[in-house]
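Peer 1: Numbering (our numbering), first residue to last: 15 to 108. Just so it is clear, CB atoms sit at the ideal spot from N, CA and C, and this is done for glycine as well. Please read these numbers as outputs of a predicted model, since none were measured by experiment.
1) Whose C-alpha, out of 52, 23, 26, 42, is nearest the C-alpha of residue 85?
2) Select from 26, 66, 92 the residue whose C-alpha is nearest the C-alpha of residue 47.
3) Which partner residues does residue 66 have in the DSSP bridge list?
4) Excluding five sequence neighbours on each side, which residues of the same chain lie with their C-beta closer than 7 angstroms to the C-beta of residue 79?
5) Quick check: what's the CA-CA separation for residue 69 versus residue 54?
6) Does chain C have any CB closer than 7 angstroms to the CB of residue 69?
7) Assuming residue 73 and residue 56 are in contact, meaning their beta carbons sit under 8 angstroms apart, how far apart are those beta carbons, in whole angstroms?
8) Quick one: residues in its chain with C-beta nearer than 7 angstroms to the C-beta of residue 40, no 5 flanking neighbours on either side, listed in chain order?
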């Protein structure tokens, strides 16, 4: 069954690694916050003279590991706030 899971999703081992990664170091947590954006940076509206010509959808959803990266960022943020006592407002967007 494990082999069929890998064949269906080649990112499964990386996905499991992200899911099992424990954030236990403030320096690593801050690095994760700096590297993983809080929101998808690619979504754009192309506007010309105040009129939206077209919309570029969030391409992050095409990344099969995007949800795990956002989850890892959230765990890093929770670790800094809950365990290390950081102020959420001081952390800002990363």
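Peer 2: Let's see:
1) Residue 85 has its Cα closest to that of 52, out of 52, 23, 26, 42.
2) 92
3) 61
4) Only 25, 28, 29, 32 meet the Cβ criterion.
5) 14 angstroms
6) Absent from the structure is chain C; it holds one protein chain and no more.
7) Rounded, the Cβ-Cβ distance is 4 angstroms, consistent with contact.
8) 94, 98
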